[in-house]
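**Q** Before I ask anything, let me first share the structure, which is written out below as structure tokens.
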Amino acid sequence: MGPEPGRGRFITLEGGEGAGKTTLSRALAGALAASGLPVLRTREPGGAPGAEAVRALILGGGSWDPVAEAMLHFAARREHVARTIGPALDAGIWVVCDRFADSTLAYQGAGQGLSRDVWECLCGLTLGALRPDLTLLLDLPPERGMGRALSRGDANRYERQSDAFHARVRDGFLAIAAQEPERCVVLDASRSPGEVLDLSLAAIRNRLGVAA
Ligand code: TYD
């Protein structure tokens, strides 16, 4: 197996609020670049002009039913894949992406009741055969993550959800990782940023066979 020669690798970072994905994404992209790999850092919702417009719509407020909300996330994702992620991977660039389709299954699925069938259907429409080569799941008890996230101020529509919602999101992510252990690595996000980075680099070496 493995990707086509010359194609970049697609690494996604997933997890609940305040788990440290942004810090890890920055450090990981820096470490990969330092080892000589071309790297693109991006995030969802967003990562392309149309996707950023959808991000503003989603995070700005409003109220949708779960299918409509998931479709908005997938519309943004389609733009992101078509204009940013796909071309980068084709050009041999490694992509480090903060959140991807697993976030929709955890937040809109486990959190808001969207069915897995609908999620799979939207994945099929949006992604074709594209899947992450490696997913690093930053796992943290929601109360710890929410403490970190809320201390940043300006809570978004998801951060304002109940503790029970965030507990379901965490369980949703852990269920994905349990179901796809060959793709997903669960990392203890209560460790220091340096330790989380080292564990991530070890996972890249072990899973992708690259000395990063
Ligand atoms: P953001 O401010 O980027 O938060 P974070 O740093 O936690 O990623 O806001 C993104 C929010 O959108 C976050 O609360 C998770 C949510 N989200 C979904 O509900 N579904 C999705 O498919 C994606 C990509 C994000």
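Here the numbering used here is used: the first residue of the sequence shown is -13, the next is one more, and so on.
Positions of the beta carbon are idealized from the N, C-alpha and C atoms, including for glycine.
(1) If you measure from the CB of Arg29, is any heavy atom of the ligand TYD nearer than 7 Å?
(2) What's the C-alpha gap between Arg134 and Ala5?
(3) Just confirm the distance between the C-beta atoms of Leu185 and Ala13, as a whole number of angstroms; I'd bet it's less than 8 Å.
(4) Quick one: does the C-beta of His59 sit closer than 7 Å to a heavy atom of the ligand TYD?
(5) Distance, Cα to Cα, Ala19 vs Arg27?
(6) Where does the unbroken beta strand (DSSP E) through Asp84 begin, and where does it stop?
(7) Give the range of the alpha helix (DSSP H) segment to which Glu106 is assigned.
(8) Looking at Arg85 and the ligand TYD, is the gap between the Cβ and the nearest heavy atom below 7 Å?
(9) Is the separation between the beta-carbon of Leu122 and that of Val196 shorter than 8 Å?
(10) In terms of alpha-carbon separation, which member of Ala163, Leu10, Lys7 lies closest to Leu91?
(11) Could you check whether the Cβ of Ser89 sits closer than 7 Å to any heavy atom belonging to the ligand TYD?
(12) Please find out if some non-hydrogen atom of the ligand TYD comes closer than 7 Å to the beta-carbon of Asn142.
(13) Going by the beta-carbon positions, is the gap between Val81 and Ser11 smaller than 8 Å?
(14) For Thr(-2), is the beta carbon positioned less than 7 Å from some heavy atom of the ligand TYD?
(15) From Gly(-6) to Trp105, what does the alpha carbon distance come to, in whole angstroms?
(16) Taking 8 Å as the threshold (C-beta atoms), are Leu124 and Leu194 in contact?
(17) Note the first and the last residue of the continuous beta strand (DSSP E) segment covering Val171.
(18) When DSSP labels each residue in this structure, what does Gly(-8) get in the three-state scheme?
(19) Would you please state the rounded distance, in angstroms, between the beta carbons of Gly47 and Arg146? I believe it to be under 8 Å.
(20) Just to confirm before moving on: does the CB-CB distance between Asp84 and Ile(-3) stay below 8 Å?
**A** With the structure as the only source:
(1) Counting from 1 along the sequence shown, the entry for residue 29 is found at position 43. Within the cutoff, so yes.
(2) Counting from one through the sequence shown, the residue named residue 134 turns up at place 148. Counting from one through the sequence shown, the residue named residue 5 turns up at place 19. Computed Cα separation, rounded: 8 Å.
(3) Taking the sequence shown and counting its residues from 1, one reaches residue 185 at position 199. Taking the sequence shown and counting its residues from 1, one reaches residue 13 at position 27. At roughly 12 Å, the Cβ-Cβ gap does not stay under 8 Å, so Leu185 and Ala13 are not in contact.
(4) As a first step, residue 59 is located in the sequence shown; it is residue number 73 there, counting from the start. Checking every heavy atom of the ligand TYD against the Cβ of His59, one is found closer than 7 Å.
(5) The sequence position of residue 19 within the sequence shown is 33, counting from 1. The sequence position of residue 27 within the sequence shown is 41, counting from 1. Rounded to the nearest angstrom, the two C-alpha atoms are 11 Å apart.
(6) For the purposes of this step, residue 84 is taken as the residue at position 98 of the sequence shown. Where Asp84 is concerned, the enclosing beta strand (DSSP E) stretches over 80 to 84.
(7) One-based indexing of the sequence shown puts residue 106 at position 120. Run containing Glu106: 102 to 113, per the alpha helix (DSSP H) assignment.
(8) Counted from its first residue, the sequence shown places residue 85 at position 99. Checking every heavy atom of the ligand TYD against the Cβ of Arg85, one is found closer than 7 Å.
(9) Here the question's residue 122 lines up with position 136 in the sequence shown. Here the question's residue 196 lines up with position 210 in the sequence shown. Not closer than 8 Å, so no.
(10) Mapped onto the sequence shown, residue 91 falls at position 105. Measuring from the Cα of Leu91, the nearest candidate turns out to be Ala163.
(11) Taking the first residue of the sequence shown as position 1, residue 89 is located at position 103. Result yes, Cβ under 7 Å from the ligand TYD.
(12) Counting from one through the sequence shown, the residue named residue 142 turns up at place 156. Yes, the Cβ of Asn142 comes within 7 Å of a heavy atom of the ligand TYD.
(13) Residue numbering aside, residue 81 sits at position 95 when the sequence shown is read from its first letter. Residue numbering aside, residue 11 sits at position 25 when the sequence shown is read from its first letter. Taking 8 Å as the Cβ cut-off, Val81 and Ser11 do not qualify as a contacting pair.
(14) Here residue -2 refers to the residue found at position 12 of the sequence shown. Thr(-2): no, Cβ never under 7 Å from the ligand TYD.
(15) To locate residue -6, count along the sequence shown from 1; it is residue 8. To locate residue 105, count along the sequence shown from 1; it is residue 119. In this structure, the straight-line span from the alpha carbon of Gly(-6) to that of Trp105 is close to 26 Å.
(16) Here residue 194 refers to the residue found at position 208 of the sequence shown. Here residue 124 refers to the residue found at position 138 of the sequence shown. Not closer than 8 Å, so no.
(17) As a first step, residue 171 is located in the sequence shown; it is residue number 185 there, counting from the start. 170 to 174 is the extent of the beta strand (DSSP E) around Val171.
(18) Here the question's residue -8 lines up with position 6 in the sequence shown. DSSP places Gly(-8) in coil when its eight states are reduced to three.
(19) On the sequence shown, residue 47 is found 61 positions in, with the first residue counted as 1. On the sequence shown, residue 146 is found 160 positions in, with the first residue counted as 1. 10 Å between Cβ atoms; not a contact.
(20) Sequence index remark: in the sequence shown, residue 84 carries index 98 (1-based). Sequence index remark: in the sequence shown, residue -3 carries index 11 (1-based). Taking 8 Å as the Cβ cut-off, Asp84 and Ile(-3) do not qualify as a contacting pair.
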